[in-house]
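Here the structure is laid out as structure tokens; the discussion comes afterwards.
Chains as they are written, first to last, in our numbering: chain A, 1350 to 1643; chain B, 48 to 235.
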């Protein structure tokens, strides 16, 4: 009786597992063959804006006063709808049009205070409307490549002008007062010292070099998947450090268009998971872990 | 078709040039302390701590503690022009002050000082300290008209505004409430 039960469970599990594998392979094949893989980056980019903007809208008294809660909910739903439509060939351009309309209504009026994330998205996403098949356009990929390259070099330039990275003082400041993830380098330095320690300086210099090199390589048109993989790794690392995965997901999505690589299923799933995770935050996870360990 | 492609190329080229120009202007503003480095694209975010801009309103006669005030209408009136004081040196317009009195009727007739503060980065040892970056000194000339002096970034601008007919001065016996956690400020 016991062996029959065990065999039945095993066979049943194996059957379910095989069916799941088959379903996954069928969906993956459909994902690749239908070209969704190449349209999903734009969809993820739009979704990242929804995750960035909608939660902020719901907590801003002025926003609620101007638009009302119902309209805000509809605008948020519109962004999600735009994201979904962007994944399909026949509706991708419509999706961008919806995105542009929502942007004009709800985002542009507050152009002075919108997040850096949204600024980058506004430079990148609406331009897709110029192309019937933006996912197949070399010109759109070129535009995004130049845009991200320019932004990386601008960020490098501003850090040099500020003078807080060459001496490591800003990383030292974050290490002393930032969120749990921003304090990760403080493990290696003496907290009583008033000068930024060598680790803070190295971290600062690394950030400078990384932004400059990536900016230049994008501008000169390096088109290597190894470069893309390394850059995605750096972006995820920066996202963990700054506890801001949402912005990194947007960057990853844009780079997937730049390199005409599309988004494999695992990266799309990871990106969406990171958008949800970002609502909670890396620091919250670290705090929970330390709380339990402590 | 060829013409269409060329138009797209032109648009792309113009957008890239505009973006570079925008970034150049952003750098100029930052270098002159004109804007919040975290705003307008955020190219300079994570170069200094978030400014944490804050506005406090004081009764000029009793400047020991800030008044508890409503600021929704005041902020809404600057939403399209200088939201959250992104432009750090810009004067506060009369429309914002009128919106302020519209939602704070009891303060009509009281001489006020609006103090604007930010967190400023200190290199050694790395820290952020809160400093006053500017103020608006408001003095009533009569029950409907007030003079206000904007003091930002070393400049002073004096102007006068008049309340609309719909706003009137309240009875003089309205006490102000205070926020005990905020230290007093020295007014000029």
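In this text, a Cβ means the ideal position worked out from N, Cα and C, and glycines have one as well.
In the DSSP annotation of this structure, the continuous segment of the alpha helix (DSSP H) that includes residue 1564 of chain A starts and ends at 1547-1569. At a cut-off of 8 Å between C-beta atoms, residue 168 of chain B counts as an interface residue with respect to chain A.
For residue 1479 of chain A, there is no enclosing alpha helix (DSSP H), as DSSP marks it with neither H nor E. The continuous alpha helix (DSSP H) containing residue 1418 of chain A extends over residues 1418-1435.
The beta-carbon of residue 156 of chain B is placed no less than 8 Å from the nearest beta-carbon of chain A. Taken atom to atom, the span from the alpha-carbon of residue 1395 of chain A to that of residue 109 of chain B is near 51 Å.
For residue 164 of chain B, the enclosing beta strand (DSSP E) has its first and last residue at 159-169. Excluding five sequence positions before and after residue 1436 of chain A, the CB atoms of its chain that fall closer than 6 Å to its own CB belong to 1385, 1388, 1389 and 1392, given in chain order. Distance between residue 1516 of chain A and residue 201 of chain B, taken at the CA atoms: about 30 Å. Cβ-Cβ separation between residue 1519 of chain A and residue 1526 of chain A: approximately 11 Å, too far for a contact (criterion under 8 Å).
The contact set of residue 67 of chain B on chain A, defined by CB atoms closer than 7 Å, consists of 1499 in chain order. Burial check for residue 1432 of chain A: the Cβ neighbour count within 10 Å reaches 16 or more, so the residue is buried. Below the 7 Å Cβ cutoff, chain A contributes 1479 as neighbours of residue 58 of chain B, in chain order. Chain B has a Cβ within less than 8 Å of the Cβ of residue 1507 of chain A. Non-local C-beta neighbours of residue 1502 of chain A in its own chain, meaning closer than 8 Å and more than five positions away in sequence, comprise 1560, 1561, 1564, 1565 and 1568, ordered along the chain. Residue 123 of chain B has its alpha-carbon roughly 33 Å from the corresponding atom of residue 1522 of chain A. Counting of Cβ neighbours within 10 angstroms places residue 1417 of chain A among the exposed residues, the total staying below 16. At a cut-off of 8 Å between C-beta atoms, residue 1519 of chain A counts as an interface residue with respect to chain B.
Taking 8 Å as the threshold, the shortest C-beta distance from residue 1590 of chain A to chain B does not fall below it.
For residue 1629 of chain A, the enclosing alpha helix (DSSP H) begins and ends at 1614-1629. CA-CA distance, residue 198 of chain B to residue 98 of chain B, rounds to 19 Å. The C-beta separation of residue 146 of chain B from residue 121 of chain B comes to about 5 Å, placing the pair in contact by the 8 Å criterion. Taken atom to atom, the span from the alpha-carbon of residue 163 of chain B to that of residue 1579 of chain A is near 44 Å. In the three-state reduction of the DSSP assignment, residue 1522 of chain A falls in the helix class.
Around residue 1427 of chain A, the same chain offers 1447 and 1451 as residues with beta carbons nearer than 7 Å, after the five sequence neighbours per side are excluded.
Under DSSP, the beta-bridge partners assigned to residue 104 of chain B are B:161. Bridge partners of residue 183 of chain B according to DSSP: B:161 and B:197. Residue pairing for residue 208 of chain B: DSSP places it in a beta bridge opposite B:193.
Contact between residue 185 of chain B and residue 210 of chain B is absent: CB atoms are separated by about 12 Å, not below the 8 Å threshold. Taken atom to atom, the span from the alpha-carbon of residue 1608 of chain A to that of residue 1543 of chain A is near 44 Å. Taking C-beta atoms as the reference points, residue 1404 of chain A and residue 1628 of chain A count as a pair closer than 8 Å. Sequence-distant partners of residue 1636 of chain A (beyond 5 residues in either direction) whose C-beta falls short of 6 Å from its own C-beta, in its chain, are 1529. For residue 1571 of chain A and residue 1596 of chain A, the gap between their C-alpha atoms comes out near 23 Å. Legend: CB atoms of the region 181-198 of chain B lying less than 9 Å from CB atoms of chain A are not found in any residue. Residues 1597 of the same chain have their beta carbon placed closer than 7 Å to that of residue 1585 of chain A, with the five preceding and five following residues left out of the count. When B:87, B:59, B:174 and B:170 are compared, the shortest CA-CA separation from residue 1465 of chain A is found for B:87.
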